[in-house]
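Inspection log for the structure reproduced underneath, given as structure tokens.
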Amino acid sequence: MNLDFLALAQMAVSGGLMGMAYALVAYGFQLTHAAGKAVNFGQGELVMLGAFTGLSLSGCGLPYWAAVTGAMIAGALLGWFVERTAVRLALQQHNEGWVLLTIIVGLFWFSAAENIWGREDKPFPVPWPESALDFFGISVTWQELAVAAGALGMMTLIELARRYTMIGIAVQAVSADQDAAELCGIRSRTAISLSWAVSGIAAAFAGTIIGPVTTVGPTMAAALTLKAFSVAVVAGLGSSFGLLLVGVALGASENISGFLLGSGWREAPALILLIVGLALRPQGLFGKKIIRKV
Amino acid sequence: MFAGISLGLRENTVERIVRTAIFIGLAALPALWQGQYALGLLTLMAVYGVLLIGLDTTVGYLGQINLAQAALFALGAYGTALAIGAGASLPLALAAGIAGALLPGAALALPALRLEGPQFALSTLSFATLSIIVLNECESVTNGALGLSISRPLLFSLPLDATSFYWLCLALLFVAWEASKTLFRSRFGLAIEALRDSPTATDALGIGALRHKVLAFAWGSALAGLAGGLHTMNFGYLQPAAFGYDLMVMLLLGVVFGGRRSQWGAFLGAAVIAMLPNLLSNRTLFSFLVSFGCVLTVVPPIRALLSHKVPLFRQAAPAIAMTLAVTLVFFIPNVEEWRKGIFALFLFAVVVGFPNGIAGAVTATLRQFIHFTPLPILPATGGISSSKKTEGIALRLSDLCKSFGGMRAVDNVTLDIGQGETLGLIGPNGSGKTTLVNLISGLYTPDSGSVEIAGKRPVCGSLMSAFSAGAARTFQNLQPFHGLTALESILVCQQGGGESEAMGWLLAVGLEGKARIRCSGMSYGDLRFLEIARALSTRPRLLMLDEPAAGMSKPDIARLIELIGSIKRAGVPILLIEHHQNVVAELCDRVAVMDGGRLIALGTPNQIRRDPKVIEAYLGADDTERDNMEARQC
Amino acid sequence: MKAYRSILAVLLATTFSTSAMAANVVKIAITGPFSGGSAPMGVSMRDGAKLAIAGINQNGGINVGGKRMKIEIVERDDEGKNDRGALVAQEISSMGDISAVIGTVNTGVALTGDKYYVEKGIVKIITPAAGSASMTQWSNAGTRNLPIFRFAAYDGIQARMVVEQAIKMGCLRVAILHDATNYGVSGRDDLLRQINNQGGRVKVVTVEKFAIGDKDMTAQLLKAKAAGAQAILIWGIGPELAAVASGKQKLGFRVPMIGGWTLSMSNFIDTAGAAGNGVLMPQTFIEDESIARAKPFIQAYHKAYGVTRIPSPVSAAQGYDAALLLAEAIHEAGSTNPSGIRESLENLKVAVKGCIADWKKPWSKWDPSKVETHEAFRRENTVMGKVQNGHVVLANPADKIVLQGKMLNK
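Chains as they are written, first to last, in this note's numbering: chain Y, 1 to 294; chain U, 295 to 928; chain P, 929 to 1338.
Written as structure tokens, this is what we have:
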């Protein structure tokens, strides 16, 4: 019994810490959705490109923090590029084309990465030790701690910037009402581009912090992105605190249901809950209910 | 510029001739182009054709990103495989495949179709992941990841070789195509089209959103199941992993590439996703195609340059993408390795260059150059005189309340509308008039109080239920069905009756000359009249008109007054929200005045005009407000 | 109009004609996943085979019935997807002038595609796909004159070695971990079969599964730990295997990890880092230049593809030797006719000196009741490898003799 409890706690902790990574990628979805009502279905490719850029930079002999910064700059450019080339066009044409265009651009990134960096998964060197720490019988690796701290730190930083800087407030104004914001002299286009760039930064940063766990390869973020998308929608595409909660819950629940039901079924309970939950509460757990106006 | 050729045929007829010719050509192809490979590709194309026609029902017609189709395809495939394993004959095995996808598809549709956008996409994605988990884990039934091997069953005790199996697939594709086309051209299809534009209006007019969506999704699932069954028999080996996210993305891209809301689009998309990965094997052909595509895409930017304009990014983007693709094709030694990248560029050019896909672009071009004979217009029958006369009380509201947050939008409203009565509802902006109509029509659920329409108590907060009780309404902010013509907008709303009756309603509101014009191309005033015709065609027991004269020109207002007068004379009870004093004065038997959510006065137009509370509500102490109001009354 | 017509003619010619038989070439197709998750194996196999073919062509080609014929390669990427694999097989078998096929990494691809080769009697050498089903499907169907040969240590052999190794190390309570793909599940079944063959000596305490892309193996490992497993027997591919190794280290779960040959892939070794040390797996080839037989191949591969380490050395070496064997068979058949090549593959007269071994009559006449007739590798050709500081070395240094051995007799 004692062992079982310890085992469950261990799994909840391990899963929960990885769930923070879901939350960070989900936060990228949230940022662009808030600004322009579109999300990047190729976000996983940005995560992957961020990781590859970081890897190449540290391969050039740059220290870890410089490689991560470089990856974030690349992420910002890529995020901006996706918005400029794909999303803006589709939204101008008033159709759901952006879903496909972001997938298509992602496909191109994927192919480019395959050819530039190769198809193999590569390890991502990190400055911290590989060993594990022990908290009351629950082991946690430095790497897991880094993922959690990085995700939390990055989200806090962006959220503070959104709330307390002029630019952040302007972006929020655009999310609330694009036309009204324009009338107040805010360039909504710039605000949207900026959101995409920041979303790209979050994705690239996510790539560099999970790269050491998942290894870096073209397909590294495929599974992660789908889970992040679930986290974003379930939390409600509007609450960053909710993202963390849902991300951690999803990570922990996967591990625990894997333990209890057999590892093949680990995702099943969360999926069933998700379908039922969305049917009951379409706006997400932490989303605000939308009132239909006519 | 270009006069165009007139074929003297209807577009529909031409389409059918071309399609039949293509199918005959496809059926004859194995005789000309021999080899297993060709047959394999053609069979795959036919199977994907069925699958994509199914996917198009949600992605195209419902306008929702559906990520479950690959999983439904898998469920169909396993249904068929298991039936074959149990010794079923070919038709029975296909039926099992259809059932295998249809039942879970319908089960998913019920919760999922209440959702839209990302939420819908996510619930279908979750369903897809869940299905693959089940197929993987139930090893005793599906053999899990090891896969199921089956051999093709006999068709009525005849063995099917590759060619006859191809013919079978082609025939089924033809059937699926024709059935889908018929379905989406029927009233059902119009309803689907309508609810994509305004689910609120379709519910309020009794068309019913959820029912149609579920049916459309079920139809798409059934086709996925059929395609899955054919797929099983084609390859003879199934593995859950083959039906994952990659396949789903491929299918989605196929539909968009070909063109949404079109069976032609689905067919072209299927041809592309079946052929494209194999095209690269033939470098010469591929280089030619890419170059040809590149030439096509540089036309718009060059045209823009020739007329001394800087080409828009939208015009230039496909050309840039295709140029990049050409560069890759000609300068990269191993093109195979860049295959995905080249396809991505291809797809990018198509999605940006032709938002309606290849089929959409081709249709638009053909319509420019060929004049098809328009559909005939039938003579009008029926009209306002055929409206229902309502006996008894039309509407009874008791102590109706509704708050939004701390704001009481409707506060204890009690009100009756008598037999054949026209009641005017006036009040300053934000006084709760539209909220009241929304409560009556079931868009909002009241916090307390009750609504009774023509003696029935509809379920609170259900548009459909209020409609069944007899309510029909128009909207202050227009809710037209952009994709439908005026005639179709009526056809989809009216309960029974054909085109002649629909023409009757159009004639009644003076739109008979615009029957074949799409709502997206109609003027604001016309759309207001069309909304009234739409509501009338449901033969309501209570007609609610929410500011019908807003934004109308003076002559139109005169027409409107005449129209509402004739509706009134036909005995239809009317709740009329209006700001135009003259409209209210001329038409209403009684007038109710709202302010701050409360009913402050009720009486004949003359009594109301003199009521001090009304004057205060409207005029307050501020003179500018009075000026505004007078201006509005003009 | 004329120009248009000529373009059309070219198009039709290139699309529809089965290209004219060039009399002086032998066409060989190489298929496998050159993109996607299993690409490292597919690409290594392809590049190994191409290296062998380039060598043969440099020496003037194959002597076929007194005529020197060069080898022409047709490459097809099956992406590791079953239906794509089936189409590739259909395409190759309808080309009409392909003499033989080398390739396939994913067992599912063999299961959907190989029937088209069998229908046409085209020779195929499966390498490096190891799943048992790709050969047993033919013995179950009782196919005669099977043109499908395997050149890989199939899972049956590997599983036996893994189980024997566990027993040797005194681990009689084992946990089986495997990925959710065809490869992993069929590996699991092979392991269970072999454990069964040991007659109750080894007890399986838990069987756990993980999906491609899973990086957190805590649940599976904790279950194994709680059940008191003394060894982890594992079947999967690179990155997930690495996640298991790191997870083990994290949980302080120090038991041996033994599994299929894929544990020698660089994406496992690099990713697992120190956690990978001591992991054991059966190998047919080790990238170790101190083995005289392997040295020229390793050096040539490094030089030709500008790498310092082969992504999947086993795949590359098997691709190389398979191509050499095929060339010899074509030479002995004296024609490019598939049925002739099949017969000479079943009765190779001359021993072929490859980078793995000297292959003397690796295959024999197909007998549906004995899959071994078309399997080239035996238990004796295979050694246990061990990960040590980023490289695969022999677990038992005495095995070096196997890899250097002069002759392998059947």
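We put the CB at the ideal spot given by N, CA and C, even for glycine.
Cross-strand partners of ALA1159 (chain P) (DSSP beta bridge): ALA1159 (chain P) is bridged to P:VAL1102.
Neighbour flag for GLU114 (chain Y) against chain P, beta carbons, 8 Å: Yes, its Cβ sits closer than 8 Å to a Cβ of chain P.
Could you compute how far the alpha carbon of GLY277 (chain Y) sits from the alpha carbon of SER420 (chain U)? GLY277 (chain Y) and SER420 (chain U): Cα-Cα distance of roughly 12 Å.
Would DSSP call MET949 (chain P) helix, strand or coil? Residue placement at MET949 (chain P) is poorly supported in this model, since its pLDDT is 44, which falls under 50; the coordinates still yield a value, given next. It is coil, neither helix nor strand.
Nearest to ALA67 (chain Y) by CA position, among Y:ALA51, Y:TRP80, Y:LEU77, Y:GLY79, is which residue? Nearest C-alpha to ALA67 (chain Y): Y:ALA51.
Who are PHE1077 (chain P)'s beta bridge partners in DSSP? PHE1077 (chain P) is bridged by DSSP to P:ILE1053.
Through-space distance from SER1022 (chain P) to GLY989 (chain P), alpha-carbon basis: Going by C-alpha positions, GLY989 (chain P) is about 25 Å away from SER1022 (chain P).
Can you give the Cα-Cα distance for PRO125 (chain Y) and LEU55 (chain Y), rounded to whole angstroms? Answer to the nearest angstrom: the Cα atoms are 8 Å apart.
Considering Cα atoms alone, identify which of U:GLU631, U:TYR355, U:ARG597 is closest to GLN557 (chain U). It is U:TYR355.
Any C-beta of chain Y under 8 Å from that of LEU1179 (chain P): Taking Cβ atoms only, chain Y reaches closer than 8 Å to LEU1179 (chain P), which makes this a yes.
Does ALA9 (chain Y) get closer than 8 Å to chain P when you measure Cβ to Cβ? Not one chain P Cβ lies under 8 Å of ALA9 (chain Y).
Proximity winner among P:ASN1034, P:ASN1010, P:ILE1020, relative to ALA1028 (chain P) (alpha-carbon distances): Taking only the C-alpha atoms, the option nearest ALA1028 (chain P) is P:ILE1020.
Using a 10 Å radius around the Cβ and a threshold of 16 neighbouring Cβ atoms, would you call TRP471 (chain U) buried or exposed? Residue environment analysis places TRP471 (chain U) among the buried positions, since at least 16 neighbouring C-beta atoms fall within 10 angstroms of its C-beta.
For chain P, check one thing: does any of its Cβ atoms lie closer than 8 Å to the Cβ of PHE561 (chain U)? At a cut-off of 8 Å between C-beta atoms, PHE561 (chain U) does not count as an interface residue with respect to chain P.
To the nearest angstrom, report how far apart ALA1073 (chain P) and VAL1046 (chain P) are at their CA atoms. According to the sequence as given, residue 1073 (chain P) is Asn; it is not Ala. Whole-angstrom Cα-Cα distance: 9 Å.
Determine, using beta-carbon pairs with one atom in the region 723-732 of chain U and one in the region 660-668 of chain U, whether at least three such pairs fall under 8 Å. The region 723-732 of chain U, when compared against the region 660-668 of chain U, does not touch it at the 8 Å Cβ threshold.
Across which residues does DSSP place GLU746 (chain U) in a beta bridge pair? DSSP, once it has assigned bridges, lists U:ARG690 as partnering GLU746 (chain U).
Out of U:PHE769, U:GLY791, U:ALA796, point me to the one whose CA is closest to TYR818 (chain U)'s CA. Residue U:PHE769 holds the alpha-carbon nearest to the alpha-carbon of TYR818 (chain U) among U:PHE769, U:GLY791, U:ALA796.
Give me the chain U residues within the contact set of ARG1012 (chain P), using Cβ-Cβ distance strictly less than 7 Å, ordered along the chain. Within chain U, the residues near ARG1012 (chain P) are PRO571.
Within 8 Å (strictly less), CB to CB, does LYS930 (chain P) reach chain U? At LYS930 (chain P) the pLDDT is 45, less than 50, meaning the model places this residue with poor confidence and gives no usable figure here.
When you compare only the Cα positions, how much space is there between GLY1084 (chain P) and GLU431 (chain U)? A straight line joining the alpha-carbon of GLY1084 (chain P) with that of GLU431 (chain U) spans about 23 Å.
Spatially closest choice to GLN773 (chain U) from U:ARG577, U:GLY411, U:LEU824, by CA coordinates: Answer by Cα proximity: U:LEU824.
Between which two residues does the beta strand (DSSP E) containing LYS1131 (chain P) stretch? Under the DSSP assignment, LYS1131 (chain P) falls in the beta strand (DSSP E) whose first and last residues are 1131-1138.
What residues from the region 443-462 of chain U come within 8 Å of chain P, judged by C-beta to C-beta, listed N to C? For the region 443-462 of chain U, the beta-carbon criterion of a distance under 8 Å to any beta-carbon of chain P is satisfied by SER443.
Looking only at its own chain, which residues have a Cβ that is under 8 Å from the Cβ of TYR531 (chain U), when we skip the five neighbours before and after it? Contacts found: GLY441, LEU442, SER443, ILE444.
Just to confirm my understanding: we take GLY391 (chain U), look at its own chain, exclude 5 residues before and 5 after, and list those with CB closer than 6 Å. What are they? Around GLY391 (chain U): GLY370, GLY373, THR374, GLY519, GLY522, GLY523.
So, helix, strand or coil for ASP1107 (chain P), using DSSP? In the structure shown, ASP1107 (chain P) adopts extended strand secondary structure according to DSSP, grouped into three states.
8 Å Cβ cutoff met for ILE652 (chain U) and LEU562 (chain U): Taking 8 Å as the Cβ cut-off, ILE652 (chain U) and LEU562 (chain U) qualify as a contacting pair.
Within the same chain, show all residues whose beta-carbon is closer than 6 Å to that of MET949 (chain P), passing over the 5 residues directly before and after it, in chain order. Because MET949 (chain P) carries a pLDDT of 44, less than 50, the predicted location of this residue cannot be relied on, and no value is offered for it.
Can the beta-carbon of PRO752 (chain U) be found less than 8 Å from the beta-carbon of SER742 (chain U)? No, Cβ-Cβ distance for PRO752 (chain U) and SER742 (chain U) is not below 8 Å.
For a contact defined as C-beta to C-beta under 9 Å, what are the partners of ALA1326 (chain P) on chain U? Near ALA1326 (chain P) there are no residues of chain U at all, since even the closest Cβ is about 37 Å away, more than 9 Å.
Does any CB atom of chain U fall closer than 8 Å to the CB of GLY1128 (chain P)? Closer than 8 Å: no.
Residues in its own chain within less than 7 Å of LEU429 (chain U) by CB, not counting five upstream and five downstream? Result list for LEU429 (chain U): ALA368, TYR372, THR436, PRO534, in chain order.
With 16 other Cβ atoms within 10 Å as the buried cut-off, status of ASP1295 (chain P): By the neighbour-count rule (16 or more Cβ atoms within 10 Å), ASP1295 (chain P) is not buried but exposed.
Are the Cβ atoms of GLY79 (chain Y) and THR53 (chain Y) separated by less than 8 Å? With contacts defined as CB atoms closer than 8 Å, GLY79 (chain Y) and THR53 (chain Y) fail to qualify as a contacting pair.
Checking 8 Å against the spacing of the C-beta atoms, do VAL216 (chain Y) and LYS288 (chain Y) come in under that value? No; because the gap between Cβ atoms is not below 8 Å, this pair is not in contact.
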